[in-house]
Every structure is written in structure tokens, then in C-alpha cells.
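To start, the structure under review is shown below, and the notes come after it.
Residue numbers (the numbering used here): 44 to 549.
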């Protein structure tokens, strides 16, 4: 990140906030995967160096695949028009690529040098041939035995949880993000309550025409002022013909009138400023809808007024900022979603040699996202009375589409490995759930609480994404990976690997 600053790229606070849990979560996950697989091979009695080789070959493939998938998720942020989103993408891609590099080089070397001492004070030699923990095996068996019910119940419940989020409008109000104890927020709230927020946070319309004198076009300014006042949602309009919010006799100006008009017309008389005071909170959806009407009105007037048709017109203020932000994010999200999904499809198709499993992976991740958005909406909006910040669902989607694939890939890779050894689909699924269950659960809990640490932040947005990641990862490891994925795989059977070949014939 330091080298990025040397070429003029500014590192924003959000990068540092997200970098630590991503690095700790992904890095520890990959480390545990390697060590756990090495432990498993040594318990089977496999010689030390051979166990390292098997571990590097099997776990290495899973780490590279899951790491590249997670990197693609963050890389989808890089084309964003918003600098804060773009730099987060760059920073997290760097972090994940370094995690992959360390995992496939340093960890195998450490295992080769340390050997069984890595488990000290545990004596692995006494555990050779010992049975595995059966709890996860029972979970896999239950998921397969009741696969139809498991798929229907989990899918319906998680999809239904999305409804509270869909019926709640997200907030674009940065003021609401700030902790209530801050002096600046207290002062702003007092001003808003005393004078009305719409009065201290107006929408600005700037009209520039270098080939005219605005004092000669007061009729046009009146036309704009009068028509904007008629729009539902507009409280008052302040302009050169209405400096105090009420239209003056602009055809017979007095000295006092000129003094009042002066702040609305530039010193060279080529620019005029219009303030629009709305009836709504400037950061609300109602204010954005009203602004859209005003912009439409100006476009219509440009078609019939000669001066306006040759003018440069700009809009400013909080409402305009949010209006443009929504447009940018709507455009960016389409690109992000398409990039993430296509990238993940390509990487996983090459790794798993399957065209069925990648969309199935995306489906289960989407279910996690649906359930998580619903739960944080219930907790923050309905129970705590706090809004859902607009950036929360975007960050959740991109991060989970990347990091959320890790555990699924660990499970599928192990299932494919067991099938290649000659096991049937059901037996391979149960075996993989049993063998990867402790790893995925341990990794998931570490990652969940790494992100959950963000909840101690006084900023509402950081609290929301912290809780969202905590819920989604716990949901993923205890519901999706233990029950839903095995149930779907047991139902699909050979289609899990289509059009590739299974290791054993049906």
C-alpha cells in the first residue's frame, strides 16, 4: 500500500479497516487448512515428507482456487467510478494475493522443517489410526437422508428473510452514520430541529452563460423560479427575482433590490444561482424524487428558452450528490455483479471441471446474502431504529461472493478427491463433510469474529458490515456448508461434475 501512495494513489480509511480482518481471516483459514490436512495425513501413518507433499498438492489447489475467487470478488470493485470503492478493491486484492503466496510457499516449508513438532505439546505418534470426530459425519448423513426437506426449508427461510430488507429503504445520510456524542452532530441536529434541515441544506442550480448579462434575463430566471415552486415537494425557491423567497418586482428594481439580488448574480453578470428548499430531508428518497422532477423541468425549459438552451447548467447540494451517487452505484453494481459472477464461473469451472457447480455455488452464496440482509435489517432498523446504510449491501455482496466461496471450495475439492479414490457420491460427500467439518468450522469462526470485531466501531456503517459478516459467515458454516450444500450435491450426484468425468462410474 505504501508503494501505491508513491504513485499518487490515496489510501482511504476504509481500506485499513477492512484489510486487517480480510488478511487475518483469509490468512488464518489457509494456514489451518494446510496444517489440518497435514495432521490428517500423519494420523493415517503417512511419512512426514510424503504428508507434506500430499498436503501441498491437495490443500494448495483449494487455496489457490478459493484465493483467486476471493480476489476476483474484490477486483470487481476496481472499475468503480467512486475512488473509495476502487481503492478498497485494489488494497484487498493485494492482501489476498499475498495470503495465497504465503500459504503455498511458507507454510509447506514450515511443515517440512518442523514436522510433528508443529503440534506440540500434542503427540501425533500416539494418534496414528485414531478415529475421526463423528459429529460432522452425522450432519452429512442427516443432510443426505432428508435432502429434499433440507433444500426446501433452508431455501424458503433464507429467501423469506430478504423481505424485511426489500421493504426498507436504505439511507444515504452520512450524518446518521456519525456517533451521537460528537459535538458536530449535536450542533447539526440542533440546527436541523430549530431551523429545519431543508433550510440549511438546500439544492443549488447554477446557470452559466458567458455570452449574456443575467440582469437582462430576469424574465427567464422568473420562469424557472415560478415553475419550480409549483412542483410538489418544493417549499421555497430563492433566486435573483426572489432573493427572500418571494418574487419581487424585477421589472422595476430599486437600489435595495439590487443589493438583495447581488448574491445571486456573479460580478461579471454571466452566472446566476438559484437555491431550492424542499419539504423533505435532503438525503431522503422523497427529496431525490423531487430533484428528478426539477431536473426534468429544466430540460423542458431549455427547449423553449434561447438563453437556457445556450447555457451550462449545474446542480449541487446533498440531494444532487446522492442523486448522482445512486446513478453511479446502480451502474457500478451491474458491472461488479457481472464481473464477479463471470470471473467466479470461469475460475471454478477450470478448477472443478464442472459447469453445474459454479452456478450452484453462487446460488448458495446468494441465499447467505439474502438471509444476512434480512437479519441485519430486523436488528438495526426494526429493533434499534437505525437505518441501513446504502454501502452495506454492496460491500456484503462483493466480499461474500469472494471470501464466501472459500469453505464451499474446500468441501467440494475434498468431495472430488474422495470420488476420484473410488467412493460413491453419497459416501464421498459424507466423508468430505466429516473431514473438512472441523477445519471449515474453525476457520469460519475465526473469520467471523475477525470481521465481527468491526462492530466495536462507533460508525454505524462499520458496525453494520461487521455484524453482517459475522452473521453471514456463521450462517454459511453451520447451515449452508453442513446441510444445504451436501443435500444439493447428493441430489445432483453426477451432475455436480458435468461435463467432466467422475472418478468412478455410476
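Each residue gets a CB set at the ideal place from its N, CA and C atoms; glycine is no exception.
C-beta atoms of residue i and residue j nearer than 8 Å
| i | j | result |
| --- | --- | --- |
| residue 77 | residue 157 | no |
| residue 307 | residue 286 | yes |
| residue 249 | residue 316 | yes |
| residue 80 | residue 102 | yes |
| residue 453 | residue 214 | no |
| residue 393 | residue 113 | no |
| residue 291 | residue 284 | yes |
| residue 138 | residue 62 | yes |
| residue 95 | residue 154 | yes |
| residue 443 | residue 487 | no |
| residue 252 | residue 340 | no |
| residue 118 | residue 530 | no |
| residue 334 | residue 293 | no |
| residue 312 | residue 254 | no |
| residue 205 | residue 413 | yes |
| residue 321 | residue 277 | yes |
| residue 183 | residue 472 | yes |
| residue 360 | residue 259 | no |
| residue 450 | residue 403 | no |
| residue 120 | residue 390 | no |
| residue 496 | residue 64 | yes |
Where residue i falls: helix, strand or coil (DSSP)
| i | result |
| --- | --- |
| residue 465 | coil |
| residue 450 | helix |
| residue 320 | strand |
| residue 82 | helix |
| residue 123 | coil |
| residue 301 | helix |
| residue 332 | helix |
| residue 428 | coil |
| residue 285 | strand |
| residue 366 | helix |
| residue 542 | strand |
| residue 549 | For residue 549, the predicted structure reports a pLDDT of 39, less than 50, and the residue's modelled location is therefore unreliable. A value from the coordinates is still provided. Here residue 549 sits in coil by DSSP. |
| residue 359 | strand |
| residue 421 | helix |
| residue 313 | coil |
| residue 456 | helix |
| residue 59 | helix |
| residue 107 | helix |
| residue 397 | strand |
| residue 308 | strand |
| residue 325 | coil |
| residue 6 | Because the chain here runs from 44 to 549, residue 6 falls outside it and cannot be looked at. |
| residue 91 | helix |
| residue 290 | coil |
| residue 135 | helix |
| residue 144 | helix |
| residue 223 | coil |
| residue 342 | helix |
| residue 296 | coil |
| residue 100 | helix |
| residue 348 | coil |
| residue 50 | coil |
CA nearest to the CA of residue i, picked from the options
| i | options | result |
| --- | --- | --- |
| residue 503 | 220, 104, 450 | 220 |
| residue 191 | 542, 331, 526, 137 | 526 |
| residue 478 | 461, 436, 468, 487 | 461 |
| residue 343 | 266, 498, 46 | 266 |
| residue 542 | 253, 400, 225 | 400 |
| residue 409 | 362, 200, 75 | 200 |
| residue 304 | 116, 379, 264 | 264 |
| residue 427 | 506, 88, 361 | 506 |
| residue 53 | 298, 209, 130, 231 | 130 |
| residue 46 | 97, 71, 181, 134 | 134 |
| residue 329 | 163, 216, 429 | 216 |
| residue 535 | 208, 469, 68, 405 | 469 |
| residue 149 | 60, 71, 467 | 71 |
| residue 35 | 180, 55, 368, 197 | Look at the range of the chain in this structure, 44 to 549, and you will see that residue 35 is not part of it. |
Counting only runs that start and end within the region 226-283, where is the alpha helix (DSSP H) found for 4 or more residues in a row? If we require 4 residues or more, the alpha helix (DSSP H) runs fully inside the region 226-283 come out as 226-238, 240-243, 261-272.
Mind the definition here: the region 487-502 touches the region 414-430 only if three or more C-beta pairs lie below 8 Å; say whether that holds. As far as the Cβ criterion goes, the region 487-502 does not touch the region 414-430, which means the pair count is below three.
Could you tell me which whole alpha helix (DSSP H) segments of length 4 or greater appear in the region 154-220? Entirely contained in the region 154-220, the alpha helix (DSSP H) runs reaching 4 residues are, in chain order, 178-188, 190-203, 206-209, 217-220.
Across the region 355-375 and the region 117-128, are there enough close Cβ pairs to call them in contact, namely three or more that are closer than 8 Å? Flag = yes, the region 355-375 and the region 117-128 touch.
Does the region 394-404 come close enough to the region 343-359 to have 3 or more Cβ pairs within less than 8 Å? Taking 8 Å as the limit for Cβ pairs, the verdict is that the region 343-359 does not touch the region 394-404.
Using 8 Å as the cut-off, can you tell me whether the region 227-235 makes contact with the region 456-475, which would need three or more C-beta pairs spanning the two stretches below that distance? No: fewer than three Cβ pairs fall under 8 Å.
Output the residue ranges of the beta strand (DSSP E) runs that lie fully inside the region 467-522 and measure 3 residues or longer, sorted by chain position. For the region 467-522, not one full-length beta strand (DSSP E) segment reaches 3 residues or more.
Below 8 Å, can you find three or more Cβ-Cβ pairs linking the region 505-514 to the region 428-443? These segments touch.
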